[in-house]
Amino acid sequence: MNLFRLAGDMTHLFSIIVLLLKIHATKSCSGISLKTQELYVIVFLTRYLDLFTRFVSLYNTVMKIVFIGTSFAIVWYMRYHKVVKQTYNKDEDTFKHYFLLLPCFVLALLLHNEFTTMDVLWTFSLYLEAVAILPQLVLLQQSRNIDNLTGNYVFFLGAYRGLYVLNWIYRYFLQDHRARWIPWISGLVQTALYADFFYYYILSWKKHEKLKLPA
Amino acid sequence: DNAKDLKDEL
């Protein structure tokens, strides 16, 4: 464990807490893409298949349970909570996210470390996570006003993977000098997809203006 | 090996 990875995990956890706070406090999920949240449930379930079979550390196990639990809770809130589900606007959540599953799965069948169920699904989860934010970004571009909590949520969600890239640089140069192309490239693609969001987010923060993404 | 040890990450 290094500082970059700990900061990344904490930023990731914080982004989820910000989202849960927004939904629980405002009893509204306006501006949030249910599709991105559903993709994240699939990402965590396929990423943490070894939750019960492989013990890495207490921290690792606790965080996996927290990520799976909170992502389920968010989808439950948006689908079934009597008040919150009324605020979900499916007309603006238009991205065809199921079209992301097959290409990621096929790519994982072609490009992986070992051809085992665990490793192919783990690799699938890395590819899927890289593109899971797309429905949310598309929704933000179409929504007129982005509330602060939603903007902060997306910012921290993007920042966490950027911190992981620093963690991989640190591990490669200062620890074991082993190339791990699959997580590296997936993580870089994931972080790159946030590039324009980061630009407009920081610009709006500097100019003390409402965040607005160009359509 | 390669795959295993990166699985210590979340």
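Line by line, the protein sequences give chains C and R. In this text, residue positions in the first sequence follow the working numbering: the first is 3, and each later residue adds one. In this text, residue positions in the second sequence follow the working numbering: the first is 1046, and each later residue adds one. We put the CB at the ideal spot given by N, CA and C, even for glycine.
Using the beta-carbon of each residue, which ones in chain R are nearer than 7 angstroms to C/Val-58?
The residue you call residue 58 of chain C lines up with position 56 of the first sequence. Think of a sphere of 7 angstroms around the beta carbon of C/Val-58: the chain R residues whose beta carbon falls inside it are Asp-1053, in chain order.
Determine whether the beta carbon atoms of C/Gln-192 and C/Ser-35 lie at a separation below 7 angstroms.
As a first step, residue 192 of chain C is located in the first sequence; it is residue number 190 there, counting from the start. As a first step, residue 35 of chain C is located in the first sequence; it is residue number 33 there, counting from the start. With contacts defined by Cβ atoms closer than 7 angstroms, C/Gln-192 and C/Ser-35 do not form a contacting pair.
Is C/Leu-151 helix, strand or coil by DSSP?
The residue you call residue 151 of chain C lines up with position 149 of the first sequence. If DSSP states are grouped into helix, strand and coil, C/Leu-151 belongs with the helices.
Applying a beta-carbon distance threshold of less than 9 angstroms, which residues of chain R neighbour C/Arg-7?
As a working mapping, residue 7 of chain C is identified with position 5 in the first sequence. Proximity of chain R to C/Arg-7 at the Cβ level (cut-off 9 angstroms) is accounted for by Glu-1054 and Leu-1055, in chain order.
In terms of alpha-carbon separation, which member of C/Pro-216, C/Phe-157 and C/Ile-135 lies closest to C/Ile-19?
Reading the first sequence from its first residue, position 17 is the one you call residue 19 of chain C. Nearest option by C-alpha distance: C/Phe-157.
Quick one: Cα of C/Val-43 to Cα of C/Gly-153, how far?
Residue numbering aside, residue 43 of chain C sits at position 41 when the first sequence is read from its first letter. Residue numbering aside, residue 153 of chain C sits at position 151 when the first sequence is read from its first letter. So the alpha carbons of these two residues sit roughly 21 angstroms apart.
Would you report the Cα separation of C/His-77 and C/Phe-97, rounded to the nearest angstrom?
Counting from 1 along the first sequence, the entry for residue 77 of chain C is found at position 75. Counting from 1 along the first sequence, the entry for residue 97 of chain C is found at position 95. It is worth fixing the name first, because residue 77 of chain C is Val in this sequence and not His. Each residue's alpha carbon lies about 17 angstroms from the other.
Mind checking which residues open and close the alpha helix (DSSP H) that includes C/Thr-89?
On the first sequence, position 87 is the one that residue 89 of chain C refers to. Neither: C/Thr-89 is in no alpha helix (DSSP H) and is coded neither H nor E.
Suppose the cutoff is 7 angstroms on Cβ atoms and the five residues either side in sequence are ignored; what does the same chain contact list for C/Val-223 look like?
For chain C, the structure presents residues 3 to 217; residue 223 of chain C sits outside this window and is missing.
Please state if the CB of C/Ser-127 and the CB of C/Val-45 are separated by a distance shorter than 7 angstroms.
Counted from its first residue, the first sequence places residue 45 of chain C at position 43. Counted from its first residue, the first sequence places residue 127 of chain C at position 125. In contact: C/Val-45 and C/Ser-127 (Cβ atoms closer than 7 angstroms).
Could you tell me which chain R residues have their CB closer than 9 angstroms to the CB of C/Phe-69, listed as they occur along the chain?
Locating residue 69 of chain C in the first sequence gives position 67, counting from the first residue. Leu-1055, listed in chain order.
Quick check: is the beta carbon of C/Met-2 nearer than 7 angstroms to any beta carbon in chain R?
The structure shown does not extend to residue 2 of chain C, since chain C is modelled only from 3 through 217, so no value can be given for it.
Unbroken alpha helix (DSSP H) run spanning C/Gln-177, endpoints
Counting from one through the first sequence, the residue named residue 177 of chain C turns up at place 175. Run containing C/Gln-177: none; DSSP gives neither H nor E here.
Which same chain residues, not among the five before or five after C/Val-167, have their C-beta less than 7 angstroms away from its C-beta?
Position 165 of the first sequence, counted from the start, is the residue given in the question as residue 167 of chain C. Closer than 7 angstroms at the Cβ level, and outside the excluded window around C/Val-167, lie Gly-189, Leu-190 and Thr-193.
Short Cβ contact (7 angstroms threshold) for C/Lys-24 with C/Val-86:
Indexing the first sequence from 1 puts residue 24 of chain C at position 22. Indexing the first sequence from 1 puts residue 86 of chain C at position 84. No; because the gap between Cβ atoms is not below 7 angstroms, this pair is not in contact.
Within 8 angstroms of chain R by C-beta, residues of the region 139-156 of chain C in sequence order
The residues in question: there are none.
Given that C/Pro-235 touches chain R, what residues does it touch there, using C-beta distances under 9 angstroms?
This structure leaves residue 235 of chain C out entirely; chain C is present only between 3 and 217.
Endpoints, the alpha helix (DSSP H) within which C/Lys-212 is located:
As a position in the first sequence, residue 212 of chain C is number 210, starting the count at 1. Premise fails: C/Lys-212 is in no alpha helix (DSSP H) and is neither H nor E.
Using the Cα positions of C/Phe-200 and C/Met-3, report the straight-line distance between them to the nearest angstrom.
Taking the first sequence and counting its residues from 1, one reaches residue 200 of chain C at position 198. Taking the first sequence and counting its residues from 1, one reaches residue 3 of chain C at position 1. Rounded to the nearest whole angstrom, the C-alpha separation of C/Phe-200 and C/Met-3 is 27 angstroms.
At 4 residues or longer, what runs of the alpha helix (DSSP H) sit wholly inside the region 64-119 of chain C?
100-112, all fully within the region 64-119 of chain C.
To the nearest angstrom, how far is it from the Cα of C/Arg-180 to the Cα of C/Trp-170?
Taking the first residue of the first sequence as 1, we reach residue 180 of chain C at position 178. Taking the first residue of the first sequence as 1, we reach residue 170 of chain C at position 168. Near 10 angstroms, if we compare the C-alpha coordinates of C/Trp-170 and C/Arg-180.
Return the first residue and the last residue of the alpha helix (DSSP H) that C/Ala-27 is part of.
Mapped onto the first sequence, residue 27 of chain C falls at position 25. Looking at the DSSP string, the run of the alpha helix (DSSP H) that includes C/Ala-27 is 5-28.
With DSSP collapsed to three states, give me the class of C/Arg-163.
Position 161 of the first sequence, counting from 1, holds the residue named residue 163 of chain C. Three-state result, C/Arg-163: helix.
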